[in-house]
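This report concerns only the one structure given below.
Chains as they are written, first to last, in the numbering used here: chain A, 1 to 560; chain B, 561 to 637.
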């Protein structure tokens with residue numbers, strides 16, 4: 001029976017039961033539910049659960065060689081997040097985190113676009129509560145924007161799925177191309193969650209506003225689910241190579257000047273997704289293996305980096321580079337774990353990033369794509385800059401700190417320790433990672449050529465950093481906001497929209513005044529709405545938006 | 561704890577990194593480094609590329625501050 005149970009569903013059910021469980025047992029219960037869900041990893045490949053409803057055949061549980069590595073790492077990430085948040089008593093966040101992880105795992109096992117859509121929206125609706133649990137005004141505002149964008153992605157996916165069903169009579173997950181209209185809708189839906197260039201604003205907007213523990217959960221699932229979905233439906237789509245290359249290069253400049261270190265990590269996350277997207281675009285067995293391997297190791301070291309910054313936020317009260325520095329004396333373990341994460345993401349040999357990124361670089365080199373190869377090589381220096389150096393340097397070193405802080409709580413250290421161990425273990429013994437990749441490919445990352453080449457790049461980039469600091473050319477930390485693509489809907493649209501509304505108000509006013517008096521009384525009610533003094537541009541309430549989103553989804557489902 | 565802890569750490573770190581950098585360049589002369597693209601096989605090419613990329617990223621980022629940097633409460637206004 002357990003073999004027919006959708007992986008992740010048990011976690012969602014447990015999340016709803018959490019309020020009935022005494023505080024002391026909540027985390028063990030959460031871990032247990034992840035463990036039960038993880039039993040599905042031993043089920044092997046195949047289709048395990050289908051459901052015929054309204055003439056549609058929904059494939060609710062299927063598994064193959066692409067699903068498995070993502071399912072393994074999603075379970076590991078869920079465990080890390082639960083241990084990391086062991087000290088926390090925030091019930092809403094625990095419920096949201098468990099349900100979110102469960103939904104993401106469920107989504108991996110969907111076999112058709114409608115099932116995927118349901119899970120796609122479930123990840124949006126659960127994760128928004130994690131952002132919301134940041135519990136500041138900024139977090140609540142960011143949660144609203146996050147919800148609108150995430151739900152929009154789902155709506156585009158649904159439109160694509162409906163069009164596909166209408167035009168082809170098929171709605172199963174399959175390789176699509178961009179020559180069909182439904183392909184484009186689905187591509188954009190995935191692109192929003194994968195934070196394509198200009199569609200990325202939500203990521204850097206919302207993740208750093210979440211709580212100490214919330215950001216760790218957020219960093220693992222949504223974007224990698226999108227990478228999985230792209231790898232399944234758009235492998236070998238040429239445009240992804242360029243989209244990915246831009247993604248690797250352009251966030252690095254933003255990360256240089258950003259002051260909030262958790263936002264720096266969000267830019268860094270975006271840049272990492274770029275490497276994976278390039279791998280999908282190339283579409284060979286080697287490159288797809290590279291994408292999956294990269295997603296796998298990335299989830300671990302990115303979680304580790306977010307955990308270390310979470311620990312800093314928890315103890316020092318901020319992650320702003322301008323306020324930090326010198327924490328290595330007070331938080332030595334966190335410092336070491338952070339440096340291990342930083343070396344992993346920078347792809348130092350013997351760390352996990354190296355063995356994964358090599359696959360993508362080799363497939364680019366093998367195809368002779370010289371320009372893309374060097375954009376990614378350049379971006380690797382960028383990764384070292386923002387995640388390898390900036391994060392540990394400004395948080396733990398930079399300048400002496402006068403105010404004492406405590407080392408991170410033991411549960412945080414355990415979670416970081418496990419992640420750090422995995423980073424090194426995978427780096428030293430890559431064959432265990434390669435064994436679970438979708439395609440059987442013989443690959444040896446540790447050749448002398450490759451190791452020397454990578455070490456030269458990294459060591460001389462570090463020397464460049466020391467040189468810039470020595471000659472005071474390195475930009476100092478300044479408390480500031482760095483504009484990003486969310487500017488378009490946070491400033492530009494309201495900037496155009498409000499005067500436009502005003503104009504419309506004035507116009508209707510004039511129109512109204514010119515109308516005969518007999519019309520006046522009839523229109524008096526609508527006048528109230530057209531007169532600007534009655535229009536107040538307000539943010540919709542959180543509950544209201546949730547309600548409207550749910551009603552909208554229900555309406556769409558009924559219509560389908 | 562000594563007052564100049566960070567400074568001395570920085571100094572010894574710089575020293576070791578420079579030694580490692582020099583060794584890596586010397587090593588490049590001892591064998592032929594195979595790369596996918598022949599121009600990348602020039603002695604010390606990755607080192608040069610890493611150094612220049614890093615400086616370029618930081619400098620361009622710094623310059624972009626002119627256009628992208630706003631006050632911390634920019635969106636609250």
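C-beta atoms are modelled at their ideal positions from N, C-alpha and C, and glycine is treated no differently.
Within the DSSP secondary-structure output, residue 435 (chain A) pairs in no beta bridge. DSSP links residue 50 (chain A) through a beta bridge to A:59.
Residue nearest to residue 408 (chain A) within the set A:96, A:128, A:317 and A:422 is A:317 (criterion: CA-CA distance). In this chain, the alpha helix (DSSP H) harbouring residue 298 (chain A) covers 285-316.
Residues of the stretch 291-312 of chain A whose Cβ lies closer than 8 Å to any Cβ of chain B: none. Here the alpha carbons of residue 357 (chain A) and residue 464 (chain A) stand approximately 23 Å from one another. For residue 586 (chain B), not one C-beta of chain A is nearer than 8 Å to its own C-beta. With contact defined as three or more Cβ pairs closer than 8 Å, the stretch 79-89 of chain A and the stretch 39-47 of chain A are not in contact. At least 8 Å separates the beta-carbon of residue 26 (chain A) from that of residue 109 (chain A).
Under the Cβ distance rule, residue 577 (chain B) counts among the residues neighbouring chain A, one pair being separated by less than 8 Å.
For residue 266 (chain A), the closest Cβ of chain B is not nearer than 8 Å. Sequence-distant Cβ neighbours of residue 378 (chain A) in its own chain, meaning closer than 7 Å and more than five residues away, are 249. Cβ atoms of residue 186 (chain A) and residue 157 (chain A) come within 8 Å of each other, at about 6 Å.
The Cβ atoms of residue 259 (chain A) and residue 441 (chain A) do not sit closer than 8 Å to each other.
As DSSP reads the structure, residue 213 (chain A) sits in no beta bridge.
Annotation: residue 359 (chain A) to residue 392 (chain A) spans about 27 Å, alpha carbon to alpha carbon.
Residue 635 (chain B) sits away from residue 334 (chain A), with the two beta carbons spaced by 8 Å or more. Against chain A, the CB of residue 597 (chain B) has a partner CB under 8 Å away; the residue lies at that interface. Within the stretch 82-137 of chain A, the runs of alpha helix (DSSP H) at least 4 residues long that lie entirely inside it are, in chain order, 91-108 and 113-132.
Residues of the stretch 312-328 of chain A whose Cβ lies closer than 8 Å to any Cβ of chain B, in chain order: 326. Excluding sequence positions up to five before and after residue 483 (chain A), its CB lies less than 7 Å from no other CB in the same chain.
Residue 405 (chain A) carries a coil assignment under DSSP once its states are collapsed to helix, strand and coil.
Bounds of the alpha helix (DSSP H) holding residue 205 (chain A) are 201-206. Between residue 363 (chain A) and the set A:430, A:116 and A:285, the nearest pair of CA atoms involves A:285. Ranked by Cα distance from residue 455 (chain A), the options A:137, A:350, A:278 and A:213 are led by A:350.
Residue 301 (chain A) is not a Cβ neighbour of residue 397 (chain A), given a cutoff of 8 Å. By the CB criterion at 8 Å, residue 372 (chain A) and residue 159 (chain A) fall outside the cutoff.
In the DSSP assignment, residue 450 (chain A) falls within the alpha helix (DSSP H) that extends over 448-470.
Taking a C-beta cut-off of 7 Å against chain A, the contacting residues of the stretch 612-636 of chain B are 613, 614, 615, 617, 618, 620, 621, 622, 624, 625, 628, 629, 630, 631, 632, 634 and 635, listed in chain order. In the three-state reduction of the DSSP assignment, residue 172 (chain A) falls in the strand class, which pools E and B. Residue environment: residue 494 (chain A) is assigned as exposed (fewer than 16 neighbouring CB atoms within 10 Å of its CB, all protein chains considered). By the Cβ neighbour-count rule, residue 61 (chain A) is buried, with 16 or more other Cβ atoms within 10 Å of its own.
When the alpha-carbon of residue 98 (chain A) is set against those of A:53, A:84, A:304 and A:34, the nearest one is in A:34. Rounded to the nearest angstrom, the gap between the Cα atoms of residue 44 (chain A) and residue 53 (chain A) is 26 Å. Annotation for residue 225 (chain A): the continuous alpha helix (DSSP H) segment containing it runs 222-233.
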